[in-house]
Structures are given as C-alpha cells and as structure tokens.
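Read through the structure below, which is laid out as structure tokens, and then see the notes.
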Amino acid sequence: MENINKKNIDVLFLEECNAEKAENEKENYSKFNRHEIYEIKKYINEKPLGIKTAIANSISGGKTLFVAPTGAGKSFSFIKTLKKLKTKALFILPNSANVEQAMREYGIPGAFGDMSVTDALKKANLVVMTWDKSKWLINEDLSEYIIVIDEIHQTYTDTYRNKAIKNLNNIIEKCKGRIDITATPTKLEFNIYDYIIEYKQTQKTKYEVKLYKDFDIKDMSQIINIINKSNNSAILMNDIEKLEFIRDSINKKSDIVYADGKKESKLYDRIINYSDMQNYDTLLNTTTIVAGVNINNANITDIIVVGIKDIGTIKQYVARFRNLEKATVHIFNTYEEECNIYKIEWLVDKNIEKATILKDAYNKASKNDLEFETVGIRATPIMLDSNVYYDTENKCYKVDKLYIKSQVYNHYYRTRTIQSFRVLLKEYFKRIKITKIENTNIESKNQLKEYEKVLKEIKHATIETLEEYKNVLVGYNQIKSGSKNFELMQYHNDMGLTTDECLKAYRERDIHNLVKKSKSNSMLELYSKYVLENKFSLDLAWKLANMGNRKRGAVFSKINNLIYRELREEYPVFLNDELIEVTVFNYINKLFGRGISYTELHLQELSNDLKLILGENWNLTTNKLSAILNSIFVIESKQVQTCTPVESIFFYKNINPTGVQQEKKRVRIYKIERYITIKDIKKELALDEKDISLENSIRHRKNKMLNSLDDTEKLVLLEGLA
Numbered sequence: 028m029e030n031i032n033k034k035n036i037d038v039l040f041l042e043e044c045n046a047e048k049a050e051n052e053k054e055n056y057s058k059f060n061r062h063e064i065y066e067i068k069k070y071i072n073e074k075p076l077g078i079k080t081a082i083a084n085s086i087s088g089g090k091t092l093f094v095a096p097t098g099a100g101k102s103f104s105f106i107k108t109l110k111k112l113k114t115k116a117l118f119i120l121p122n123s124a125n126v127e128q129a130m131r132e133y134g135i136p137g138a139f140g141d142m143s144v145t146d147a148l149k150k151a152n153l154v155v156m157t158w159d160k161s162k163w164l165i166n167e168d169l170s171e172y173i174i175v176i177d178e179i180h181q182t183y184t185d186t187y188r189n190k191a192i193k194n195l196n197n198i199i200e201k202c203k204g205r206i207d208i209t210a211t212p213t214k215l216e217f218n219i220y221d222y223i224i225e226y227k228q229t230q231k232t233k234y235e236v237k238l239y240k241d242f243d244i245k246d247m248s249q250i251i252n253i254i255n256k257s258n259n260s261a262i263l264m265n266d267i268e269k270l271e272f273i274r275d276s277i278n279k280k281s282d283i284v285y286a287d288g289k290k291e292s293k294l295y296d297r298i299i300n301y302s303d304m305q306n307y308d309t310l311l312n313t314t315t316i317v318a319g320v321n322i323n324n325a326n327i328t329d330i331i332v333v334g335i336k337d338i339g340t341i342k343q344y345v346a347r348f349r350n351l352e353k354a355t356v357h358i359f360n361t362y363e364e365e366c367n368i369y370k371i372e373w374l375v376d377k378n379i380e381k382a383t384i385l386k387d388a389y390n391k392a393s394k395n396d397l398e399f400e401t402v403g404i405r406a407t408p409i410m411l412d413s414n415v416y417y418d419t420e421n422k423c424y425k426v427d428k429l430y431i432k433s434q435v436y437n438h439y440y441r442t443r444t445i446q447s448f449r450v451l452l453k454e455y456f457k458r459i460k461i462t463k464i465e466n467t468n469i470e471s472k473n474q475l476k477e478y479e480k481v482l483k484e485i486k487h488a489t490i491e492t493l494e495e496y497k498n499v500l501v502g503y504n505q506i507k508s509g510s511k512n513f514e515l516m517q518y519h520n521d522m523g524l525t526t527d528e529c530l531k532a533y534r535e536r537d538i539h540n541l542v543k544k545s546k547s548n549s550m551l552e553l554y555s556k557y558v559l560e561n562k563f564s565l566d567l568a569w570k571l572a573n574m575g576n577r578k579r580g581a582v583f584s585k586i587n588n589l590i591y592r593e594l595r596e597e598y599p600v601f602l603n604d605e606l607i608e609v610t611v612f613n614y615i616n617k618l619f620g621r622g623i624s625y626t627e628l629h630l631q632e633l634s635n636d637l638k639l640i641l642g643e644n645w646n647l648t649t650n651k652l653s654a655i656l657n658s659i660f661v662i663e664s665k666q667v668q669t670c671t672p673v674e675s676i677f678f679y680k681n682i683n684p685t686g687v688q689q690e691k692k693r694v695r696i697y698k699i700e701r702y703i704t705i706k707d708i709k710k711e712l713a714l715d716e717k718d719i720s721l722e723n724s725i726r727h728r729k730n731k732m733l734n735s736l737d738d739t740e741k742l743v744l745l746e747g748l749a
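Residue numbering for the sequence shown follows my numbering, starting at 28 and increasing by one per position.
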C-alpha cells in the first residue's frame, strides 16, 4: 500500500513540475506591434474603418497585416468594400472549397480546379482564386492590382503545396500592394509589414477544451460515445478509414467530407451552397475543411479533433462553426513524457542562418554569384537539401524560409508534453482541462482492426476491377465534368474513342461507384497525367499511379539520374556542370562508385567528407546518402560476422568495418555493382519488354532539355567565345 501511495505521490510531483515548466511555453505566443486596434462586439462591419485603411495602404504600395477573430466577417467585409470601391484586386484563398463558397455567396468571378483565372480577370475588377492559379499569372501585368491573401498563416503550414506557395510569392511582387488576413498570426514574419491592424471581439463563444491523456489511436470508443451523446457534432481527422468506421458506428445522420469524395458529398454541397448542415447531425471531415469555410449551426455541442497538433489548425477548425454560444472541444493526441521548451522563432532563425550559408555555398560552387550567366542545360543528377531551392526565374539558389518555418513549428508541436500543449492552446482557449482515458476498449479495437482489413481488401479488389477499364479511365474527371483538353482529345483520337463511349462504359460498368468505393479520384488524376503528359503506356502509368509516394519518388529519382548520365555521355559540353548537385554527384561517382563496398560507418564518413568540401552547415544524413546511392547504382548486400576477415573487399577510404569496435555481432556490407540501366527500372516495374513508353518518355525529356538551348548558346558551348 505504501508503494502505491509513494508511486502516486511521485507521479503527482512530476506532473506538478512539468506543469510549472510548461508555463514557459507562453514565450511562443505571437507577439507584434499593432498600429490600430478596434474593439467590436461580434462583427467587423460594426467598425469598417480598419478595412478601408488596409485597402488604402495597399493601393499606395504598402503591406498590411489584418488580424481579426474567425467568424468576425473578414472575407465578407473586404469583398463587400472592394466591390463597392471597384478596386482591382486578386483575392487569394487556400482551398477550392473556400473559393467555391466565396463565388456563390458573394457573386464574384473566380477560378479553382480547371477554371481559367485569365478568363475570370476579364469579367470583373475583383477575382477570387486558389493559390495554384497564381502560376498562370506570372507573365501577366498585375501592376494595377492589389493582392489580398486570406488565411495567410496556411502558407507557413501547408508544405505539401510548396510549389503553389512559391508561385504565389512570385506574383505578390508584381502587384502594387498587399493585404494579408489571418485569425491565427503565429508563425508570421511581422517585420515584412509596414502596417498592422487588429480587431478584437468582446462577445465570444465559450469553449470548454478537453485534452485526452493516454489516447490509443486504435480505440475509437470514446469518440463514438461523445458523438452519440451530442446534439450536433463535428470531427476533424486525416484518416478516412477511421472516419468511415465512426460513421458506421454512431447513431447520428452523418457524412464524410474528404478531397477525393467531396464532389459526391451531399453535406459538402450543402455547406458550400448554403453554409449550413441542414438535417445532418454530424460532420466527419479531413483537413479539406479547415479555414475560410463558414458553417452556421447553433446546435453544435461537441467539436472533436484527432491527431492534429498544429495550434492554428485546431483554432481555425473550431471557429468554422458560427453562432455558437458554447461548445466542448475534445482533442485526442499522443504526447511525449518530457520535452525541451525553447523559443521556436529562435530555432527558425538559426536554421535560416545555416541554410543561408548553404545557399551561398551553392551559388559560389555553381558560380551564380558572378555577373554573367552560365550557359548550359540545367540537368541535376540528384536532389539535395529541401531548405534551399533553385529559383529558375532568377537563376540562383534561394533559402526556402517558409519550408524551414513550417518544419520547425511542426516538429515542435509534435514533440510536446500534454502540459506544454495545454499552455500553447491557452493563447486561443481559456478553459482547458486534461482528462485521462482510464480503460482501453479491447472490443472496439478489434472491431476497428477487422473493419480496416475489410476496407483494404475491398479497395484492392475494386482497383483490380478498374484496371480492366483503364483505357477509358484516362481523363476520367475531365470526361465526367464535360471538358476535354487538347491532350485528351489527341489520346481519344489515337485510341479511336469518343466521350460518349467512355460515359457509356462508366454507366454499364458502374465506374462512378467503383471510383467512389476505392477513393480513386486522385489516383486517376495522376494516372491520366502520366498517360497524357508523360506519354507513358497505360500499364506503366497505372503502376506508377498506384505506388506509394516514397516508392514512386525513388523510381523517378532513378529515371532522372539515368537521363543525366545519358546526356553527359552524349552531349557533355551542353551540360551546366557548375551546379552543386553535379559537384556532389561527381564526388560520389568518383570516390564512392562502382566496385566500392560500404557499411553505415562509411556512409557517415562520406557525409563528413562532404562537409569538408562544402562547409560545416552541409547536412546529408546517412539515410539520404543511401537513397542517393540507390538512385544511381545497382547495389548488392550481405551480412557478415564482425570477426570475419574482409581484406579482399575494397571499402571506401580502406576503412575496415570489422576492425572498429561494434556492439553488434553482425554487420551488413553493401557493394556497388554498376550503374542502374533502363532494363533495371523496367524489371523493377515488371514492364513488358515490348513496352517502350519509358524509353520514349526519356527521349522526349532529353530532347526538351536540348531544345531549351538556342543555336547561339549551342555554338558557344561547342566552339567557345571567339
């Protein structure tokens, strides 16, 4: 009994110490100086002067940050005022759901999905669009437009859309002024703004937040009970299979909203068109619905968030639901037992400093800091550090500050204790209680396990059925929506197909239902792209589209390296050999190439050697180096005992791994046999020997690179300057 009491006392003491330490998390709250502050009861239109000030500042070339609570009517107030003033403005929203709702709710032209943004610009001064549409405006004259970026915080968190964010940043510089809007200013670079306006509400929804301790992601029983006892409810979780399990286990009318299935969702359609849930009791959704979408439902009593640790995302989702007097927010996550607390922005700055040194080394090594431009094809044999990227427009390396900030914040949030997480949430929520889950429901866990197993079997069988009709599934989403681009028309002409024949096949084979059941919309988009743009065969495109992201990325890394090696052999003088990726590849190829054997120890030695060449801030992990080697060479491996003589094996720098003291009795030795060939890649993909679409695609890529040089540049490279 004494031991039990002592154990309880120790636990309580530890928790009290952790709670006291966690208070230091307050230093990570967003801090900025406001030029104007407006207090409102509920909505911005009570005091619209701040809106007009922001617009006037941007028209004069200024950069304004506009901070106001979610649900205060930020988008409505800006769009209404911009329309009234007839201001030329690009209104940027993060997701198609936001744009679709804005177009219908405010009656303005816009662009998302396949819609043309240039056509939208011709219809009115004010246009609403998604981030990805910015790439079509890079060559447009935008000097008369201001740009308004709603939910600006998402550009710091959505690393999956890095390319779209870079394009967005490119068009920002082309506009006369800028307004950034947010309700969650954490992560922002406040020093880029010359004016900051904040609105504060006096009437707020009363949120009671519950943080659940000792949550088991395989046990959904607690979540199901909360939903069943609620009036109306909503749950955010990026796991569709578990959402389906919850849907089938609750006694409420519900629907799931996720990217692939939103077009078929009646609840999604209702939210976009009418901003309410009509007669649905429960909304189950992924991050397809997070920011900018309005849902008017005063009957919501419980909001559930599962597996999400980004503070801003939680705040944004909770605030989607309007007209609430009070609601309980249930947050289910797993947490660390201990964590270090430090100022996140300090680490962001340190990482940017390191990346800047790396960027300067890249530019110096590739001679991009010279006054003249290096002529040659920019073909890269390998991919390197994500913190630094090559800007094709300015032809130099740059630091990816947004990516760095996003990665640092995401890592920090993932590694919190529950006490630290509670303090971080207190920036936005006042009443937060930690609740311990006492017992795991074994029956519920077993039910979920069986449910997910059945779903996977159904999906696998459905994909196999769809494969039988892959010839008519090229361009599936285009055909379904009644639009065909030139590539699809050309494909249909080559295959002797018509739109009517495809639609007939869809009806007869119940294709729409099969696609919905297997959640294959995104896969079919990728498959169609590989056929129409890459000119892959149907078999090759289907296999690549159905691969996991990591495996597919490894295949394309092998293809890219093969293309580089062929170009270097056939047209050596046409290549720009001053790129940093080429420098690293040449070192690896020369000193760590064919015939060399290595272990984990040698990879670490190679990493250290690359630091000596390129500077201390260079960081290629052994895992990254292993991936690079596997994209270049065919590598064999075997395990040997650490006491086995290895004198006949040629190791990198002649370092004998068995001569080094090791804890393990056996060590895995790798040997580089030869370069990867097209046959190796085709064998890995189990392609028919007669399928030459991969060869044709490689030939097309090489010709495209060669054609990027004009005749004068080719002459200079062949003969040199006179």
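The beta carbon of each residue, even a glycine, is placed where N, CA and C say it ideally should be.
Everything numeric in this text was worked out from a predicted model, so none of it was measured.
Here Y226 is near G77, since their CB atoms are less than 8 angstroms apart. Residues W158, T182, D185, L429 of the same chain have their beta carbon placed closer than 8 angstroms to that of I192, with the five preceding and five following residues left out of the count.
A straight-line Cα-Cα distance of about 9 angstroms links Q228 and Y65.
Contact check for F359 against F448 fails: the beta carbons are separated by 8 angstroms or more. Straight across, the Cα-Cα distance linking D207 with P684 is about 56 angstroms. Residues of the same chain with a CB within less than 8 angstroms of the CB of I682, apart from the 5 flanking positions on each side, are L628, H629, E632 in chain order. In summary, H487 is exposed, with fewer than 16 beta-carbon neighbours lying within 10 Å of its beta-carbon over all protein chains present. If you check the CB distance, D337 and Y440 come in under 8 angstroms. It is roughly 44 angstroms from the alpha-carbon of F272 to the alpha-carbon of N520. Taking the C-beta atoms as reference points, V481 is found no nearer than 8 angstroms to A532.
S257 is positioned such that its CB atom lies closer than 8 angstroms to that of D329.
By DSSP's assignment, I224 forms a beta bridge with E63, F93. In this structure, Y344 lies near L263, with their beta-carbon atoms less than 8 angstroms apart. Taking 8 angstroms as the cut-off, the beta carbon of I267 is found closer than this to the beta carbon of T313.
In this structure, DSSP gives S281 an extended state, which the three-state scheme calls strand.
Between T315 and A346, the C-beta gap is not smaller than 8 angstroms, which leaves the two residues out of contact. Proximity of the segment 150-165 to the segment 124-142 meets the contact definition, three or more beta-carbon pairs being nearer than 8 angstroms.
Counting only residues of its own chain and dropping the five nearest sequence neighbours on each side, V450 has a CB closer than 7 angstroms to the CB of A49, E50, E52, K53. Nearest neighbour of E420 by Cα position, chosen from R131, N197, S735, turns out to be N197. With a beta-carbon spacing of about 6 angstroms, D718 and L567 fall inside the 8 angstroms limit used to define contacts. From the listed residues N573, T467, T525, S433, the smallest Cα separation to E491 is found for N573. E608 counts as buried, since at least 16 other C-beta atoms from the protein chains shown sit within 10 angstroms of its C-beta. The alpha-carbon of G334 is positioned some 37 angstroms away from that of P408. A check of alpha carbon separations from V284 across A147, N259, V317, I277 identifies V317 as the nearest. Contact check for I538 against Y496 passes: the beta carbons are separated by less than 8 angstroms. Judged by beta-carbon spacing, K101 lies beyond the 8 angstroms limit of D246, meaning their Cβ atoms are not closer than that value. DSSP places V501 outside both helix and strand once states are collapsed to three, so it counts as coil. Rounded to whole angstroms, the Cβ separation of L602 and G319 is 45 angstroms, and the two are not in contact under 8 angstroms.
Here DSSP, grouped into helix, strand and coil, assigns G204 to strand.
By the C-beta density criterion, Q446 is buried, having at least 16 other C-beta atoms within 10 angstroms. In this structure, the beta-carbon distance from I299 to A124 falls below 8 angstroms. For the pair of segments examined, the segment 722-742 was found to touch the segment 582-599: the number of CB pairs separated by less than 8 angstroms reaches three. Assignment of S260 by DSSP, reduced to helix, strand and coil, places it in the strand class. Closest in C-alpha terms to K214, from the list G339, M156, L606, comes G339. In the structure shown, D159 falls within a helical segment according to DSSP collapsed to helix, strand and coil. One Cα belongs to S104, the other to M130, and the distance between them is close to 15 angstroms.
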